[in-house]
Structure formats: C-alpha cells, structure tokens
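Take a look at the structure below.
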Amino acid sequence: MRAVVFDAHGGPEVLHEAELPDPRPGPDDVIVRVRYTSLNRIDTLVRRGYPGIKVRLPHVLGSDVFGVVEEVGNNVTHLREGQEVILSPVHGCGHCEYCLSGRENMCRLWSMLGFHEDGSYAELVRAPARVALPASGSPEELGALPLSLLTAYRALVSLGNVSRGMDVLIWGATGGLGTMAVQIAKAYGARVIATTRSREKEWVLKQAGADLIVNTSEEDAVSRVMEFTDGRGVDLVIDYVVGTTLDRSLEALAVGGTIVVLGYLGGAVKELNWNRFYLKHARVVGTHTGSPWEMARALRLYEGDLVRPIITRRLGLSQAAEAHRLMEEGLTVGKVSMRVDLG
Numbered sequence: 083m084r085a086v087v088f089d090a091h092g093g094p095e096v097l098h099e100a101e102l103p104d105p106r107p108g109p110d111d112v113i114v115r116v117r118y119t120s121l122n123r124i125d126t127l128v129r130r131g132y133p134g135i136k137v138r139l140p141h142v143l144g145s146d147v148f149g150v151v152e153e154v155g156n157n158v159t160h161l162r163e164g165q166e167v168i169l170s171p172v173h174g175c176g177h178c179e180y181c182l183s184g185r186e187n188m189c190r191l192w193s194m195l196g197f198h199e200d201g202s203y204a205e206l207v208r209a210p211a212r213v214a215l216p217a218s219g220s221p222e223e224l225g226a227l228p229l230s231l232l233t234a235y236r237a238l239v240s241l242g243n244v245s246r247g248m249d250v251l252i253w254g255a256t257g258g259l260g261t262m263a264v265q266i267a268k269a270y271g272a273r274v275i276a277t278t279r280s281r282e283k284e285w286v287l288k289q290a291g292a293d294l295i296v297n298t299s300e301e302d303a304v305s306r307v308m309e310f311t312d313g314r315g316v317d318l319v320i321d322y323v324v325g326t327t328l329d330r331s332l333e334a335l336a337v338g339g340t341i342v343v344l345g346y347l348g349g350a351v352k353e354l355n356w357n358r359f360y361l362k363h364a365r366v367v368g369t370h371t372g373s374p375w376e377m378a379r380a381l382r383l384y385e386g387d388l389v390r391p392i393i394t395r396r397l398g399l400s401q402a403a404e405a406h407r408l409m410e411e412g413l414t415v416g417k418v419s420m421r422v423d424l425g
C-alpha cells in the first residue's frame, strides 16, 4: 500500500510518500480502505516528537478514518466487505476491567490510531473490529469527524454533564475540536462563550453557533464572561491551553463549576490561585479522548444533523506536508480534510 510516513521527527518536510506492506487482520480485526482522513493537532505533535511516547519508524500518522471494509478477521461477524465505516480512534486491550466496563480510553494499554500505532495517512489501516462503526453521510465530513467529535463529546457530555441553561466557556475554539465543542454544547441547549486571538478567525465561531465571541488579543475574557453571565461565571470550561488559561478558567468559573482539561498546548501552568480553587468548590477533570461506546453515542449527533465538521480546506493526502505547515503557521480554522490520492 501507499502511505505518507516520516522516518525521523522534525518539521512538515519529513513527511513523504512510501510503499509499505499491506496490513493483515488478526482474528478480531478489520482492514479498512481509507477514502478520507483529516488533520488534527496531535498529528503535528507526534511528527515533531511527543514527550514520553516513542513511535516505531517509519510511522504513519492519522486518527480520523472514513472508508470501506476491505477484509475482516475470522472471528468478525458484524461487519462485511464493502461496508462504509468510521473508526473510533482509541481502543484498549479489550480484556481489563476498564475495557470490559466500556472505558477502553482508560485502559493501561490504551492506543490511538496514528499516535501509538500506524494510522490513516495510508490506503489501508488495521484496527480492532469492535471500533468500526457503520456510518452514512458525506464521506468528506465523516473523514473529518471522529477524533474531534469523540473528544468534544467526552469533555462536554460524559464529564461536563452539559445541559440546557448552562453557560460554557471554550478557550481557543477556532480549530476542529473547538468548533465541534461549540456545536455540541449548543445542541444540548447551553450558551457558549468562545475565544480566539484573531479577528480574522471569528467568522468560524459565528458559523459554529457561539453566543459570545471574545477576542483575547483585544478584550479581557474573564471580564466579558462575568458581564455575559451577570457576575455568576460559567458552569463549564473546556481548556486545552492550560498554561496561560487554567487560572483564568478558575476565575471565570461559577461556584460548583467544572473545568475539563484536554491538553496543555500553552505549556505548564504558570500560576494558580488555590484559594479560588477550593472556595469555588471547583471540579477539575482531565481526559484525552473517549471510548468506542462514546463514539457510537456521539455519532448520533451527526446523524441527527445537530453537528458537523466545519471543513475549510480540502487537500489530497499527498499534500499532507502542506496541511501540517498551514496548521503550524496558524493558517487553518475548523477542519482540513484530506482525500486519499496516493499512488
């Protein structure tokens, strides 16, 4: 099969096309012929070298998959060749207490497509058959959906218990994850405050449905939050910046509110007012992404036309290096879709 790989960590220029052996299914696996994938921030981080994670080289990135079942293992009975599916990007060992209770994302041996194992920047990808979900809709949209939908759903619904009447703050919301989080929160009846540092990117937050857009390069986010909520603060904060925002998240939080931390793109926490933390009865929860059963539930939002990826760039997978460059230079909003066009 043809794939886009890197043989050494570095900038976008390390990505190149290569010929790799076709993956073979184990008895409980599925092989999917990838039609569409998309770019996620984690792709650029893994390419540069993710702290604490050693990948086998050459490595194939990509966590999002929409494609057609090419082959199934001997034990697989719920899928058939030619069936259109997406893949939930995270799975566990399948045998431990977490996996058996549906929490595969919490398994000690959890694995993500394109991160711990070869992913979707390829013509073919292998995964446990239990993470393959039959899907219908726009192939391009389905290929841009899985990781951002699953992660936002887990943060807002599974952990944040988002519901009608809540106020939600989402930091740096112009990317694929942020725009999906805005839509999910709105689908559940919440009011959404979304931030950006760029006036040129505000339009994508309007399209996603944000009730209040705060340009943090021109305005103080906490002041705007308090004005919008009549001094009460927000019930829920989605924070994947952390280094420069976690203390501000606490400041903007209502008493009894929840902060869900999804990463630390802003680096280590520089300061934190612990008095505010306990006096507000704040709840801070960390997660990376969700489980296959959460993916199945989240997919219903797309099937019900309540959410969809906001695709703003369309490239071929052969242009993956260009896609990475655009993201790292801050020139992307929403999702960058990539059609598999190798060979």
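Just so we're on the same page, my numbering is the position in the sequence shown counted from 1, plus 82.
The C-beta atom is built at its ideal place from N, Cα and C for all residues, glycine as well.
Q: Could you check what DSSP says for Y118 in three-state terms: helix, strand or coil?
A: In the structure shown, Y118 sits in a strand (DSSP, three-state: E or B).
Q.
When you compare the CB positions of V418 and L121, do they come within less than 9 Å of one another, or not?
A. yes
**Q.** L354 vs T340 beta-carbon contact at 9 Å
**A.** no
Q.
Quick test of your reading: E410 and P94, contact by CB under 8 Å. State the CB separation rounded to the nearest angstrom.
A. 7 Å
Q: Classify G338 as helix, strand or coil using the three-state DSSP reduction.
A: The answer is strand: DSSP assigns G338 an E or B state.
Q) Cα separation between L335 and Y203? A) Straight-line spacing of the CA atoms in L335 and Y203 works out to 39 Å.
Q) Would V251 be called buried (16 or more neighbouring beta carbons within 10 Å of its own) or exposed? A) Per the sequence shown, residue 251 should be read as Leu rather than Val. With 16 or more Cβ atoms within 10 Å of its Cβ, L251 is classed as buried.
Q.
Quick check: A271 and G291, are their CB atoms within less than 9 Å of each other?
A. The residue asked about is misnamed: residue 271 is Gly in this sequence, not Ala. The answer is no: Cβ separation not under 9 Å.
Q) Who does G398 pair with in a DSSP beta bridge? A) R421, per the DSSP bridge assignment.
Q | Neighbour-count burial assignment, A217, 16 or more Cβ in a 10 Å radius | A | buried
**Q.** Cβ neighbour criterion (16 or more within 10 Å) applied to V367
**A.** Counting every other CB atom within 10 Å of its CB across the protein chains shown gives V367 a total below 16, marking it as exposed.
Q) Which class does M83 belong to by DSSP, given the choice of helix, strand or coil? A) coil
Q: Let me know the alpha helix (DSSP H) ranges lying completely inside the segment 188–225, each 4 residues or longer, listed in chain order.
A: As far as the segment 188–225 is concerned, its whole alpha helix (DSSP H) runs of at least 4 residues are 221–225.
Q. Is it right to say R273 is buried, meaning 16 or more other beta carbons lie within 10 angstroms of its own, or is it exposed?
A. buried
Q. Is it true that the segment 159–177 meets the segment 358–366, where meeting means three or more beta-carbon pairs spaced less than 8 Å apart?
A. no
Q: In the DSSP assignment, find the unbroken alpha helix (DSSP H) run with E284 in it and report its ends.
A: From DSSP, the alpha helix (DSSP H) with E284 extends over E284 to A290.
**Q.** Close-in-space but distant-in-sequence residues of the same chain around A234 (CB under 7 Å, 5 per side omitted)
**A.** L259, M262, A263 and I266
Q) Ends of the alpha helix (DSSP H) at T233? A) Under the DSSP assignment, T233 falls in the alpha helix (DSSP H) whose first and last residues are P228 to Y235.
Q.
Using CA atoms only, rank isn't needed, just tell me which of D89, S305, V415 and G372 is closest to M188.
A. G372
Q: Could you pull the start and end residues of the beta strand (DSSP E) that T277 belongs to?
A: R273 to T278
Q. Any idea what DSSP makes of I320, helix, strand or coil?
A. Correct three-state label for I320: strand.
Q) With DSSP run on the structure shown, which of helix, strand or coil describes L381? A) Three-state result, L381: helix.
Q: Check D111 in the structure and name its three-state DSSP category.
A: strand
Q) Is it right to say H406 is buried, meaning 16 or more other beta carbons lie within 10 angstroms of its own, or is it exposed? A) buried
**Q.** Closest Cα partner of R379 within the set S170, V304 and G345
**A.** S170
(Q) Out of G313, L97, D146 and A209, which one is the CA nearest neighbour of S230? (A) D146
(Q) Suppose contacts are defined by Cβ-Cβ distances below 9 Å. Is R421 in contact with L388 by that definition? (A) no
Q: Pull up the distance between the alpha-carbon of S299 and that of R306, whole angstroms please.
A: 13 Å
Q.
Here's a check: name, in chain order, each residue in its chain whose Cβ is nearer than 7 Å to the Cβ of I124, leaving out the five neighbours to either side.
A. S145 and F197
Q: Given a cut-off of 9 Å, decide if V86 and V137 are closer than it, judged by their beta-carbon atoms.
A: Between V137 and V86, the C-beta spacing is not below 9 Å.
Q. Going straight from the alpha carbon of R382 to that of G315, what length do you get?
A. 30 Å
Q: State yes or no: is the C-beta of E205 within less than 9 Å of the C-beta of R115?
A: yes
Q) Anyone know if the C-beta pair for I392 and G416 falls short of 9 Å? A) yes
Q) Quick one: Cα of E152 to Cα of L328, how far? A) 45 Å
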